[in-house]
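Engineer:
In my numbering, the protein residues as written are 255 to 876.
1) Apart from the five residues just before and just after residue 848, which ones in its own chain have a Cβ nearer than 6 Å to its Cβ?
2) Of the choices 671, 578, 854 and 272, whose alpha-carbon is the least far from that of residue 732?
3) Which value, in whole angstroms, describes the spacing of the CA atoms of residue 684 and residue 703?
4) Opposite residue 869 in the DSSP bridges: which residues?
5) Compute the distance between the beta-carbons of residue 567 and residue 541, then report whether it is under 8 Å.
6) Going along the chain, which unbroken runs of the beta strand (DSSP E) with 3 or more residues stay wholly within the region 298-373?
7) In the DSSP assignment, the alpha helix (DSSP H) including residue 718 goes from what residue to what residue?
8) Give a yes or no on contact between the region 538-552 and the region 755-766, applying the rule of three or more CB pairs nearer than 8 Å.
9) Quick check on the DSSP output: what are the complete alpha helix (DSSP H) runs of length 4 or more inside the region 726-784, in order along the chain?
10) Identify the continuous beta strand (DSSP E) that holds residue 536 and give its terminal residues.
11) Can you tell me the Cα-Cα spacing of residue 353 and residue 385, whole angstroms?
12) Please name the residue or residues paired with residue 385 in a DSSP beta bridge.
13) In whole angstroms, what is the alpha-carbon distance linking residue 860 and residue 831?
14) Report yes or no: do three or more beta-carbon pairs, one from the region 475-486 and one from the region 612-630, lie closer than 8 Å?
15) Does the separation of the CB atoms of residue 468 and residue 738 fall below 8 Å?
16) Along the chain, where does the beta strand (DSSP E) that runs through residue 487 open and close?
17) Suppose contacts are defined by Cβ-Cβ distances below 8 Å. Is residue 805 in contact with residue 516 by that definition?
18) Quick check on the burial criterion: 16 or more other C-beta atoms within 10 angstroms. Buried or exposed for residue 260?
19) Assign residue 573 to one of two classes, buried (16 or more other C-beta atoms within 10 Å of its C-beta) or exposed (fewer than that).
20) Is it buried or exposed for residue 311, if we count other Cβ within 10 angstroms and need 16 for buried?
21) For residue 790 and residue 864, I'd like the C-alpha separation in whole angstroms.
22) Helix, strand or coil: how does DSSP classify residue 415 here?
23) Write down the C-beta distance between residue 362 and residue 390 rounded to the nearest angstrom, noting that I regard them as a contact closer than 8 Å.
24) Give a yes or no on contact between the region 820-829 and the region 605-613, applying the rule of three or more CB pairs nearer than 8 Å.
25) Is residue 531 near residue 554, with beta carbons less than 8 Å apart?
26) Give the DSSP bridge partners of residue 698, in chain order.
27) Could you give the DSSP three-state label for residue 851: helix, strand or coil?
28) Residue 369 and residue 275 - do their beta-carbons sit closer together than 8 Å?
29) Is residue 291 helix, strand or coil by DSSP?
30) For residue 530, name the three-state secondary structure that DSSP assigns.
31) Since residue 625 contacts residue 488 with CB under 8 Å, what's their CB separation in whole angstroms?
32) Just confirm the distance between the C-beta atoms of residue 349 and residue 375, as a whole number of angstroms; I'd bet it's less than 8 Å.
33) Using the rule of at least 16 other Cβ atoms within 10 Å of the residue's Cβ for burial, across every protein chain shown, is residue 600 buried or exposed?
34) Quickly, what does DSSP pair residue 704 with across the bridge? List them, please.
35) Taking 8 Å as the threshold (C-beta atoms), are residue 717 and residue 699 in contact?
36) What residue range does the beta strand (DSSP E) around residue 582 cover?
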């Protein structure tokens, strides 16, 4: 039977867990979990594992053992610890005495054992104020979710301490779950960091690029795909192994054996070698992306068409000397609000690298096989780029700190090479897209590059001999026009302008409603406050249905929106009405303030774009 003091703690900390564990009060023991006194008289717990009894802590002196165990962490600065395995709690108590300012959580895989602890030991002998979470079970998705929440809350600095005997009982199972959770949170942090860095750029780029989108053909809609279907295409990246492939690429280009798609900085290495790719591809939203094409613009080379993502850094497109094609990206929230979506416009999804985006593009165009060149996804002799690539914002050679942080991965021949977290994410994405397009044969020709699952390794010379027998490349760029309906787009922009004009009023109405909730809270008028919450929800949903808000405002505050969503989840389960009112007023108030600021920021860009759309006659092309 769970001790009454522990019931009171769990009623406050986790009612659902209390209800779940209370079922064990009336169930017969399984015969696998036992408590017995140690030699010192203190209670200890043992479990049957593979038919043999295992003591979770010393059967002689659990307290003394706990002190020794906690001493292992002397001198460490620990802000948040997750104890895997509760045992008698002695090790937790000893640890927290040495780290009184740390927050702690407890994961006990065995539900019956946690019930036994709560029936024999008092939780309030631990520093309850610092207890963040207790959870139990071995269901992978549930445990992973809880660990992810703790990792995110601790900013990825969660110390995990496993009860030693649990290494034997659950070791591999626990480690796999914890590792998966860590990787997942790393990915989430990467997405969050990307959103923080680019949330404004994606939207501003999409607005400023839209007039160019209207004047250039859509590569996935306006060209005859037979130019690519069943034909080989090479994605040329800027990795250091590209140095060994220039002559092979020159031969391919001179004989038109395959389409050469340059991605990222590879354009500069190719230009320096006098090799003009059939296409250059770009999608990076940063202002710095324009640096990639400085050399091409300075030399005024008109022969290289550019395929750009619609959310690319707008500076990249300025004064581009060649013809241009576009592809609508998933980060472009503007185009879907203006184009006739009934016409089924294909998009490409955002990814960690332009090579991944270009692989998507080629798969949609029907190219086959797709060959990867210079796709090192790692470092070669401490270099990140091929010859001919120089920037003032990054050195080609790794510095000492980068070398120390690098990680080892397997290369195409099974040897170890140095790589990075960013390269690893790119590789994972490439592998995902390769797996999702099994009909497209992908060949990796990158010597000493990372092994890419699903891409057969073959040197480029052998690829030429095996797959390239005749000219395949044709001029698919000339006489291609944009087919968007400008009249429809003008009507849409006028409608969005009307919606933009109502935003300020809608925000003010919402802020007034929050003031009323705040007043009701201060005057402790809680009888009708739930109705006020419902009325506010209705008004907030009306703002969210505003298409100008959806396309031009919400994407600018996606990080703040995610924070608000997390708060809303907490609000749903909050039973204290006063606390709920506080959270609603503070969280939504902050968010609406951000929306108002960003509305003032983005409106001039929208008006400039609308003015350019209004001046078009439907026949303008670049």
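Don't be surprised by glycine CBs; every beta carbon is placed ideally from N, CA and C.
Structural biologist: A quick look at the data gives this:
1) 811 and 814
2) 578
3) 14 Å
4) Answer by DSSP bridge pairing: none, since residue 869 is not bridged.
5) yes
6) 306-309, 334-338 and 357-362
7) 714-721
8) no
9) 740-755 and 757-776
10) 533-536
11) 13 Å
12) 358
13) 41 Å
14) yes
15) yes
16) 487-490
17) no
18) buried
19) exposed
20) buried
21) 32 Å
22) strand
23) 5 Å
24) no
25) no
26) 626 and 711
27) helix
28) yes
29) strand
30) coil
31) 4 Å
32) The Cβ separation is near 15 Å, so there is no contact.
33) exposed
34) 665
35) yes
36) 578-583
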